[in-house]
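Working notes, structure below.
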Amino acid sequence: MAITGAAELLATWEAGLAEAPTGRALLLHRTARPDVDTATLPVLPVGEREADLFALRRALFGERMQVRLACSACGEDMEFDLDAGEFARSLAGQGTPGDSVVRVRQDGWDVEFRLPGVADLTAAARAADPRTALLARCLVSAVRDGTPVGAGDLPVPVQRRIAEAVEAADPGADVTLTIACPECGDATRAELDIASYLWTELDAWARDLLLDVHLLATSYGWSEPEILALSPLRRRYYLELCADV
Ligand SMILES: [Zn+2]
-3 MAITGAAELL ATWEAGLAEA PTGRALLLHR TARPDVDTAT LPVLPVGERE
47 ADLFALRRAL FGERMQVRLA CSACGEDMEF DLDAGEFARS LAGQGTPGDS
97 VVRVRQDGWD VEFRLPGVAD LTAAARAADP RTALLARCLV SAVRDGTPVG
147 AGDLPVPVQR RIAEAVEAAD PGADVTLTIA CPECGDATRA ELDIASYLWT
197 ELDAWARDLL LDVHLLATSY GWSEPEILAL SPLRRRYYLE LCADV
């Protein structure tokens, strides 16, 4: 993955400030996948997006991710490291790229179902019955004994089989951590939302960078584009020189 320049990344952060979490996630995904057009990104399977975001995290801020979590049993504050590269590889490896439709055949039913993307989950969450709405959005075709059937007529066992098939085909859609507490030994399960994790990091990075620009502009009279064009190493070096004066 090509690492985006500082100026471009700063523009992404600025655009994201006005956005809700879903909009920020989309901006990050666009940074991770410049090869895919913006309209297609929200319909990519959710697990594929998660893998893309882990790969972006690795390219921008490195492999090691620090995560903090409170034990669900005793409340102990737990801190541990995760490997972003490992997540990117394992999530990307499990899916079936390019093949985002699963097929379920059971008891005379023949159902084709598209792996949900972020756009599907967002739209379904707004509906009165999210489960049914998601079924209706992603159902490609449903046939019973040769007769086409609508999403509303799928029996529960078939719905369950679809959910299992989707989970098997797109396991990265739900990144769940299970962490054993060093104090009480209980296991805490928590979802890792890589989009919001990465946004928090980008936000801190951008604010630090703006401070650097301010300090260097004040000391040397350089413009913002000039300062952003410096490599991080040179920026750091000039800042150290400023501090020494
Ligand atoms: Zn505990």
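Heads up, the sequence shown is in the numbering used here, so the first residue is -3 and it goes up one at a time.
Ideal Cβ placement from N, Cα and C applies to all residues, glycine included.
- The three-state secondary structure of Glu197, taken from DSSP, is helix.
- Exposure of Ser227 is indicated by the presence of fewer than 16 other C-beta atoms within 10 angstroms of its C-beta.
- Looking from the CA of Ala47, the closest CA among Glu236, Cys67, Asp189, Ala239 belongs to Asp189.
- Remark: the C-beta of Glu72 is in contact range of ligand 1, defined as less than 7 angstroms to any heavy atom.
- The criterion of a C-beta distance shorter than 8 angstroms is satisfied by Phe109 and Val97.
- Checking the 7 angstroms criterion, the Cβ of Cys177 is within range of a heavy atom belonging to ligand 1.
- Residue environment: Glu236 is assigned as exposed (fewer than 16 neighbouring CB atoms within 10 Å of its CB, all protein chains considered).
- Distance from the Cα of Ala129 is smallest, within the candidate group Ser192, Gly146, Ala176, for Gly146.
- Rounded to the nearest whole angstrom, the C-alpha separation of Ala3 and Thr196 is 18 angstroms.
- Around Ala161, the same chain offers Val98, Arg99, Val100, Phe109 as residues with beta carbons nearer than 8 angstroms, after the five sequence neighbours per side are excluded.
- Listed as beta-bridge partners of Asp73 by DSSP are Ala66.
- For the 8 angstroms CB-CB criterion, Arg53 and Ala80 form a contact.
- Classified as exposed, Cys70 has fewer than 16 neighbouring CB atoms from the shown chains inside 10 Å of its CB.
- Listed as beta-bridge partners of Ser137 by DSSP are Glu108.
- A distance of 8 angstroms or more separates the beta carbons of Leu13 and Arg26.
- Within its own chain, the residues whose Cβ lies closer than 8 angstroms to the Cβ of Gln102, once the five positions on either side in sequence are excluded, are Pro153, Val154, Arg157, listed in chain order.
- Contact between the segment 15 to 23 and the segment 106 to 120 is present: 3 or more CB-CB pairs across the two stretches fall below 8 angstroms.
- DSSP places Glu187 in the uninterrupted beta strand (DSSP E) bounded by 183 to 187.
- The continuous alpha helix (DSSP H) containing Arg122 extends over residues 114 to 122.
- When secondary structure is reduced to three states using DSSP, Val97 falls in the strand class.
- Across the structure, Ala164 and Pro178 are spaced so that their CA atoms are roughly 32 angstroms apart.
- In the three-state DSSP reduction, Thr128 falls in the helix class (H, G or I).
- The beta carbons of Leu205 and Tyr234 sit no closer together than 8 angstroms.
- At a cut-off of 7 angstroms, the beta-carbon of Asp79 does not count as near ligand 1: no heavy atom of the ligand is closer than that.
- Distance between Val42 and Gly168, taken at the CA atoms: about 7 angstroms.
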